[in-house]
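Student:
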Amino acid sequence: MPTLSINDLFYSALPVNEISLSDLLTEKQLFHKLPDDWHIVVTDVKNSTLAVQNGLHEAVNLIATGCIVAVLNIARKNNLSVPFFFGGDGATCIVPPMILEDVMRSLQIHKYNTFRNFDIDLRVGSVPIHHIYQNGFSLNISKFKNSSIFSIPVVLGDGLSYAEKLIKGEDHKLDLLESGNQLLDLEGMQCRWDRIAPPENLDEVISLLVIAREESEQGVVFREVVDFLDAIYGTSQKRQPISVSKLRLKSTLAKINLEMNVKFGQLRFFYRIYNRFMMLFGPYYFSTKKGKTFLNEIVELADTLVIDGRINTVISGNTKQRLLLEEALNKLEYEGKIRYGLFVSQESIMSCYVPNEENIHIHFVDGAEGGYTKAAGILKQKIRYS
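Numbering (our numbering), first residue to last: 38 to 423.
1) Going by the CB atoms, is the gap between Gly196 and Val106 shorter than 8 angstroms?
2) Taking the alpha-carbon positions, what's the Gly414 to Thr325 distance?
3) Per DSSP, what kind of secondary structure is Lys234 in: helix, strand or coil?
4) If we ignore side chains and look at the alpha-carbon of each, how far apart do Val343 and Val191 end up?
5) Using 10 angstroms around the beta-carbon of Val257, count the other beta-carbons present and answer buried if the total reaches 16, otherwise exposed.
6) What is the residue span of the alpha helix (DSSP H) that Val258 lies within?
7) Is Glu241 helix, strand or coil when you go by DSSP?
8) Is it true that the CB of Gln277 sits closer than 8 angstroms to the CB of Ser353?
9) Sorted by chain position, which residues of the same chain lie with C-beta nearer than 7 angstroms to Ala88's C-beta, five sequence neighbours on each side aside?
10) Output the boundary residues of the alpha helix (DSSP H) element that contains Cys104.
11) Would you kindly check if the distance between the Cβ of Gly103 and the Cβ of His147 is under 8 angstroms?
12) Express the C-alpha separation of Ala200 and Tyr170 in angstroms, rounding to a whole number.
13) Keeping to the same chain, check which residues put their C-beta closer than 6 angstroms to that of Gln255; ignore five residues upstream and five downstream.
14) Using a Cβ-Cβ cut-off of 7 angstroms (strictly less than) and excluding sequence neighbours within five positions of Lys417, which residues of its own chain qualify?
15) Looking at the unbroken beta strand (DSSP E) that takes in Asp345, where does it start and where does it end?
16) Measure the CB-CB distance between Ile233 and Gln358 and report whether it falls below 8 angstroms.
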């Protein structure tokens with residue numbers, strides 16, 4: 038294994054900030070410029086809106102999850118920590134140069150499997166950060182302690198948005214790499230949970246995307262949005278769409294087959310039998326002390342907030358709260374501070390990354406019926422006609 042340099046460990050060495058998110062967003066000294074030689078890796082399901090309309094929203098979510106899992110497994114093998122951002126129909130990761138080729142080879146295989154099994158075109162590309170800076174875009178990162186056992190990257194600047202536009206551009210071509218003997222490693226990826234209803238006494242799941250009109254005002258504007266969320270819905274724990282009482286395993290063959298097609302690119306008989314057994318055994322395990330602890334950790338480790346130069350969040354609440362939120366967001370939009378997209382569903386869906394080590398698992402959450410994708414479509418319409 039190559040010796041890790043200080044540069045490779047940039048993200049691992051970032052301090053975790055335990056102040057409120059609202060305060061963090063306006064403390065510029067707590068954000069750090071990413072190294073010039075790191076790379077932004079962007080994946081995106083092309084025509085995701087159509088795929089969602091055709092009933093493939095769970096497949097789209099799991100494909101996006103697979104992009105992150107592929108990168109994280111490579112990073113773990115090299116004792117690295119890297120920032121990642123889940124977007125429902127795609128994902129973005131930022132990686133050091135030492136693992137870039139392995140990452141791109143793995144994602145090429147994931148792209149091939151995705152097209153073969155689902156007839157879905159997965160865009161895959163990378164942009165060197167020095168290219169972002171040379172073209173006048175900014176990229177600053179911090180770590181935020183989102184719960185007692187979970188921290189997330191927080192990015193301000195327009196660098197990730199610019200990289201995404203480049204990768205989505207029709208003239209972008211993926212530089213194919215020789216795969217050699219490399220295999221796609223999606224070990225730990227799971228999609229075992231049924232659709233999840235909101236916690237007790239709540240009846241809506243909101244998928245929300247917010248962008249600042251002026252990049253230089255992101256921190257201040259995002260703080261206003263976060264303050265509105267806190268005031269209307271309460272703390273992040275109170276607006277958490279995942280609760281232990283609503284978690285239900287879904288042990289259908291269709292669910293297992295979906296996971297296998299994304300994970301391996303093909304069906305595997307013994308994997309199907311093993312997972313069918315494990316899902317039937319699950320309720321007994323979750324009644325044990327260890328199982329109950331795992332369920333509580335799922336709630337705490339649910340990835341329901343992403344800040345990657347925009348706010349992406351999934352929350353739960355009631356109609357009265359949503360109307361208050363829309364009123365507040367409409368005011369900010371009228372003042373020329375933000376644009377936003379918001380989609381309402383009655384459930385959320387969750388895909389998971391559960392590697393072998395105990396107490397290390399991440400759960401990616403989206404609104405049902407393609408919540409993030411639908412919200413992004415609304416936001417794009419606003420941008421197009423503004």
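For glycine and all other residues, C-beta sits at the position ideal for the given N, C-alpha and C.
Tutor: With the structure as the only source:
1) As a working mapping, residue 106 is identified with position 69 in the sequence shown. As a working mapping, residue 196 is identified with position 159 in the sequence shown. For the pair Val106 and Gly196, the CB atoms are not nearer than the 8 angstroms cut-off.
2) On the sequence shown, position 377 is the one that residue 414 refers to. On the sequence shown, position 288 is the one that residue 325 refers to. If I take the Cα positions, the gap works out to 43 angstroms.
3) Your numbering for residue 234 matches position 197 in the sequence shown. Sequence inspection shows Ala at residue 234; the Lys mentioned does not correspond to that position. If DSSP states are grouped into helix, strand and coil, Ala234 belongs with coil.
4) Working through the sequence shown from its first residue, we reach residue 343 at position 306. Working through the sequence shown from its first residue, we reach residue 191 at position 154. Whole-angstrom Cα-Cα distance: 7 angstroms.
5) Taking the sequence shown and counting its residues from 1, the one referred to as residue 257 is at position 220. Label assigned to Val257: exposed.
6) For this step, residue 258 is matched to residue 221 along the sequence shown. Unbroken alpha helix (DSSP H) run through Val258: 255–270.
7) Residue 241 sits at position 204 when you count from the first residue of the sequence shown. Annotated three-state conformation of Glu241 is strand, per DSSP.
8) Residue numbering aside, residue 353 sits at position 316 when the sequence shown is read from its first letter. Residue numbering aside, residue 277 sits at position 240 when the sequence shown is read from its first letter. Taking 8 angstroms as the cut-off, the Cβ atoms of Ser353 and Gln277 count as close.
9) The residue labelled residue 88 in the question sits at position 51 within the sequence shown. The residues are Val82, Val97, Ile157.
10) Residue numbering aside, residue 104 sits at position 67 when the sequence shown is read from its first letter. Looking at the DSSP string, the run of the alpha helix (DSSP H) that includes Cys104 is 94–114.
11) By 1-based counting over the sequence shown, the position of residue 147 is 110. By 1-based counting over the sequence shown, the position of residue 103 is 66. The answer is yes: Cβ separation under 8 angstroms.
12) As a first step, residue 170 is located in the sequence shown; it is residue number 133 there, counting from the start. As a first step, residue 200 is located in the sequence shown; it is residue number 163 there, counting from the start. Going by the C-alpha atoms only, they are around 11 angstroms apart.
13) Numbered from its first residue, the sequence shown carries residue 255 at position 218. Contacts found: Leu193, Ala249.
14) In the sequence shown, counting from the first residue as 1, residue 417 sits at position 380. Result list for Lys417: empty, nothing under 7 angstroms.
15) As a working mapping, residue 345 is identified with position 308 in the sequence shown. Note, Asp345: beta strand (DSSP E), 342–345.
16) Locating residue 233 in the sequence shown gives position 196, where the first residue counts as 1. Locating residue 358 in the sequence shown gives position 321, where the first residue counts as 1. Gln358 sits away from Ile233, with the two beta carbons spaced by 8 angstroms or more.
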